[in-house]
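>
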Amino acid sequence: MKVRWMGAALWLMMLESSAQSRVYKCVDGAAAVYQQMPCPGQAEWRWEIPAEPPRPKVKTAPVPARPPAYRRSPRTALHRSLPEAAAGVRGAVIGWAREPRRCDEARRWRAQQLGSSTRLDYLQQRQLDDAVHAACR
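Just so you know, we're using full-length UniProt numbering here: the sequence shown kicks off at 1 and counts up by one.
(1) Residues in its own chain within less than 6 Å of Cys-136 by CB, not counting five upstream and five downstream?
(2) Starting from Cys-26, follow its DSSP beta bridges and name the residues at the other end.
(3) For Lys-59 and Pro-53, what's the separation of their Cα atoms in angstroms?
(4) Taking the alpha-carbon positions, what's the Met-37 to Gly-7 distance?
(5) Identify, in the order they occur along the chain, each residue of the same chain with its Cβ nearer than 8 Å to the Cβ of Gly-41, setting aside the five sequence neighbours on each side.
(6) Does the Cβ of Val-3 have 16 or more other Cβ atoms within 10 Å, making it buried, or fewer, making it exposed?
(7) Looking at C-alpha atoms only, which residue of His-133, Ser-117 and Trp-11 is the closest neighbour of Glu-105?
(8) From Gln-35 to Leu-12, what distance separates their C-alpha atoms?
(9) Which of helix, strand or coil does DSSP assign to Glu-48?
(10) Is the beta carbon of Leu-123 sitting closer than 9 Å to the one on Leu-114?
(11) For the alpha helix (DSSP H) that Cys-39 lies in, which residues bound it at each end?
(12) By the three-class DSSP mapping on this structure, what secondary structure does Pro-56 have?
Following this line, the structure appears as C-alpha coordinates:
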(Lines of atoms letter the chains of each structure in order from A and count residues from 1; the text may use other names and numbers.)
(Lines give C-alpha, C1' and ligand atoms only; values in the text may rest on other atoms or scores of the structure.)
Protein backbone atom coordinates (compact mmCIF):
# COMPACT_ATOMS: atom_id res chain seq x y z
CA MET A 1 0.00 0.00 0.00
CA LYS A 2 2.84 2.38 0.86
CA VAL A 3 4.48 1.61 -2.47
CA ARG A 4 1.38 2.76 -4.35
CA TRP A 5 1.20 6.00 -2.37
CA MET A 6 4.88 6.65 -2.86
CA GLY A 7 4.57 5.90 -6.57
CA ALA A 8 1.62 8.28 -6.80
CA ALA A 9 3.53 10.96 -4.89
CA LEU A 10 6.54 10.52 -7.14
CA TRP A 11 4.31 10.74 -10.21
CA LEU A 12 2.69 13.94 -8.91
CA MET A 13 6.08 15.47 -8.18
CA MET A 14 7.22 14.68 -11.69
CA LEU A 15 4.11 16.27 -13.16
CA GLU A 16 4.40 19.33 -11.00
CA SER A 17 7.96 20.22 -11.90
CA SER A 18 9.02 18.71 -15.18
CA ALA A 19 11.51 21.55 -15.70
CA GLN A 20 13.57 20.70 -12.58
CA SER A 21 16.92 19.10 -13.15
CA ARG A 22 17.67 17.21 -9.88
CA VAL A 23 15.98 14.40 -7.97
CA TYR A 24 17.20 13.33 -4.53
CA LYS A 25 16.55 9.97 -2.87
CA CYS A 26 16.37 10.42 0.88
CA VAL A 27 16.17 7.45 3.26
CA ASP A 28 14.30 7.91 6.52
CA GLY A 29 14.60 4.63 8.39
CA ALA A 30 13.17 1.93 6.13
CA ALA A 31 11.26 4.31 3.82
CA ALA A 32 12.84 5.96 0.82
CA VAL A 33 11.58 9.36 -0.26
CA TYR A 34 12.26 10.96 -3.64
CA GLN A 35 12.25 14.74 -3.69
CA GLN A 36 13.64 17.72 -5.53
CA MET A 37 14.93 19.53 -2.46
CA PRO A 38 18.20 18.36 -0.91
CA CYS A 39 17.84 15.94 1.97
CA PRO A 40 18.25 17.30 5.54
CA GLY A 41 21.10 14.84 6.12
CA GLN A 42 23.09 13.03 3.46
CA ALA A 43 21.34 12.07 0.21
CA GLU A 44 21.60 8.40 -0.68
CA TRP A 45 21.57 9.13 -4.38
CA ARG A 46 21.28 12.18 -6.61
CA TRP A 47 20.28 12.15 -10.29
CA GLU A 48 21.30 14.85 -12.71
CA ILE A 49 18.61 15.12 -15.35
CA PRO A 50 19.65 17.05 -18.45
CA ALA A 51 17.36 19.86 -19.48
CA GLU A 52 15.24 19.28 -22.55
CA PRO A 53 16.71 21.08 -25.57
CA PRO A 54 14.55 23.89 -26.94
CA ARG A 55 12.46 22.96 -29.93
CA PRO A 56 13.28 24.77 -33.16
CA LYS A 57 10.66 27.18 -34.34
CA VAL A 58 8.81 25.97 -37.40
CA LYS A 59 8.65 28.44 -40.23
CA THR A 60 5.32 28.46 -41.98
CA ALA A 61 4.51 29.90 -45.34
CA PRO A 62 2.50 33.13 -45.27
CA VAL A 63 -1.16 32.69 -45.98
CA PRO A 64 -2.12 34.32 -49.30
CA ALA A 65 -4.72 37.05 -49.12
CA ARG A 66 -6.90 35.25 -51.64
CA PRO A 67 -6.83 31.48 -52.24
CA PRO A 68 -5.57 30.45 -55.71
CA ALA A 69 -8.91 28.82 -56.55
CA TYR A 70 -10.65 32.19 -56.54
CA ARG A 71 -8.23 33.99 -58.81
CA ARG A 72 -9.42 34.58 -62.34
CA SER A 73 -7.24 33.33 -65.12
CA PRO A 74 -6.74 35.26 -68.37
CA ARG A 75 -8.56 32.43 -70.14
CA THR A 76 -11.70 33.11 -68.10
CA ALA A 77 -11.54 36.78 -69.05
CA LEU A 78 -11.22 35.78 -72.73
CA HIS A 79 -14.29 33.55 -72.51
CA ARG A 80 -16.30 36.32 -70.89
CA SER A 81 -15.57 38.61 -73.81
CA LEU A 82 -17.11 36.17 -76.34
CA PRO A 83 -20.62 37.01 -77.59
CA GLU A 84 -22.01 33.63 -76.45
CA ALA A 85 -20.86 34.32 -72.90
CA ALA A 86 -22.59 37.68 -72.94
CA ALA A 87 -25.82 36.01 -74.06
CA GLY A 88 -25.56 33.40 -71.31
CA VAL A 89 -25.25 30.46 -73.72
CA ARG A 90 -22.81 27.80 -72.61
CA GLY A 91 -22.46 24.15 -73.39
CA ALA A 92 -20.48 21.40 -75.01
CA VAL A 93 -21.39 18.83 -77.60
CA ILE A 94 -20.34 15.31 -76.77
CA GLY A 95 -21.01 12.83 -79.50
CA TRP A 96 -22.42 9.52 -78.28
CA ALA A 97 -23.13 8.14 -81.72
CA ARG A 98 -20.89 5.29 -82.78
CA GLU A 99 -18.83 5.79 -85.92
CA PRO A 100 -19.13 2.51 -87.87
CA ARG A 101 -16.19 3.32 -90.14
CA ARG A 102 -13.74 3.72 -87.22
CA CYS A 103 -15.05 0.55 -85.60
CA ASP A 104 -14.63 -1.49 -88.79
CA GLU A 105 -11.10 -0.14 -89.32
CA ALA A 106 -10.10 -1.07 -85.76
CA ARG A 107 -11.52 -4.57 -86.14
CA ARG A 108 -9.66 -5.06 -89.45
CA TRP A 109 -6.41 -3.85 -87.90
CA ARG A 110 -6.83 -6.27 -84.97
CA ALA A 111 -7.55 -9.18 -87.34
CA GLN A 112 -4.51 -8.27 -89.45
CA GLN A 113 -2.23 -8.13 -86.39
CA LEU A 114 -3.56 -11.40 -84.96
CA GLY A 115 -3.23 -13.13 -88.35
CA SER A 116 0.40 -12.15 -88.85
CA SER A 117 3.18 -14.69 -88.38
CA THR A 118 4.45 -13.07 -85.15
CA ARG A 119 2.90 -14.14 -81.88
CA LEU A 120 1.58 -11.32 -79.73
CA ASP A 121 1.91 -11.41 -75.98
CA TYR A 122 -0.96 -10.72 -73.59
CA LEU A 123 -0.24 -6.99 -73.30
CA GLN A 124 -0.20 -6.47 -77.08
CA GLN A 125 -3.47 -8.40 -77.49
CA ARG A 126 -5.01 -6.34 -74.71
CA GLN A 127 -3.96 -3.11 -76.43
CA LEU A 128 -5.59 -4.25 -79.68
CA ASP A 129 -8.81 -5.16 -77.85
CA ASP A 130 -8.83 -1.82 -76.03
CA ALA A 131 -8.41 0.05 -79.33
CA VAL A 132 -11.39 -1.82 -80.82
CA HIS A 133 -13.45 -1.17 -77.70
CA ALA A 134 -12.64 2.56 -77.78
CA ALA A 135 -13.51 2.83 -81.49
CA CYS A 136 -16.77 0.87 -81.24
CA ARG A 137 -18.37 2.35 -78.15
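Beta carbons are placed, not taken as given, at the ideal position from N, Cα and C, and that holds for glycine. Model, not experiment: these values are computed from the prediction.
Working from what's here:
(1) Position 136 of the sequence shown holds residue 136. So the qualifying residues of the chain are Cys-103.
(2) The residue labelled residue 26 in the question sits at position 26 within the sequence shown. BP columns for Cys-26 point to Val-33.
(3) By one-based count along the sequence shown, residue 59 stands at place 59. By one-based count along the sequence shown, residue 53 stands at place 53. For Lys-59 and Pro-53, the distance between alpha carbons rounds to 18 Å.
(4) For the purposes of this step, residue 37 is taken as residue 37 along the sequence shown, with counting starting at 1. For the purposes of this step, residue 7 is taken as residue 7 along the sequence shown, with counting starting at 1. Computed Cα separation, rounded: 18 Å.
(5) Residue mapping note: residue 41 aligns to position 41 of the sequence shown, counting from 1. Taken in chain order, the residues that qualify are Cys-26.
(6) Residue numbering aside, residue 3 sits at position 3 when the sequence shown is read from its first letter. Val-3 comes out exposed.
(7) What you label residue 105 is simply residue 105 of the sequence shown in a count that begins at 1. Among His-133, Ser-117 and Trp-11, the Cα nearest to that of Glu-105 is on His-133.
(8) Sequence index remark: in the sequence shown, residue 35 carries index 35 (1-based). Sequence index remark: in the sequence shown, residue 12 carries index 12 (1-based). Computed Cα separation, rounded: 11 Å.
(9) Numbered from its first residue, the sequence shown carries residue 48 at position 48. Correct three-state label for Glu-48: strand.
(10) To locate residue 123, count along the sequence shown from 1; it is residue 123. To locate residue 114, count along the sequence shown from 1; it is residue 114. It is not a contact, given that the beta carbons lie outside the stated cut-off.
(11) Locating residue 39 in the sequence shown gives position 39, counting from the first residue. Premise fails: Cys-39 is in no alpha helix (DSSP H) and is neither H nor E.
(12) Stepping through the sequence shown from its first residue, residue 56 is reached at position 56. Here Pro-56 sits in coil by DSSP.
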